[in-house]
Every structure is written in structure tokens, then in C-alpha cells.
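Take any residue in the sequence shown, count from 1 to its spot, add 312: that is its number in the working numbering.
Cβ atoms here follow ideal geometry from the backbone N, Cα and C, with glycine treated the same way.
Here is the structure we will look at.
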Amino acid sequence: DKLMGMGDDAVVHPGHGPETTIGAEKRHNPFLRRSF
């Protein structure tokens with residue numbers, strides 16, 4: 313919930329893979345897309 317409250321341009325560093333943004337995850341991550 314805290315991460316999704318951040319702006320879409322917020323950069324995050326997941327425990328796997330390269331850094332990404334909240335907006336990219338909202339658009340491309342199927343686990344997050346179910347929430348929106």
C-alpha cells in the first residue's frame with residue numbers, strides 16, 4: 313500500500329532484476345495490474 317501511494321515516477325529497486333518505476337510496474341506487472 314505504501315509503494316502504490318508513491319508517484320508513478322518513483323524509482324524502486326526490487327530484490328530481483330533492474331530498477332524500475334512504480335508506473336512501469338502498474339502497467340506491466342500482472343500481479344499489480346489485478347489491483348487497479
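Return the chain-ordered list of same chain residues with a C-beta closer than 6 Å to the C-beta of residue i, the five sequence neighbours on each side being excluded.
i, result
"A322", "I334"
"L318", "The sequence given here has Met at residue 318, not Leu. For M318, where only same-chain residues beyond five positions count, the Cβ hits under 6 Å are I334."
Only counting the same chain, and skipping five residues up and downstream in sequence, which positions put a Cβ closer than 7 Å to that of residue i?
i, result
"H325", "E331"
"G327", "none"
In the DSSP assignment, find the unbroken alpha helix (DSSP H) run with residue i in it and report its ends.
i, result
"H340", "334-340"
Would you check whether the ligand ADP has a heavy atom nearer than 8 Å to the C-beta of residue i?
i, result
"V324", "Ligands in the displayed structure: none, and consequently the ligand ADP is not present."
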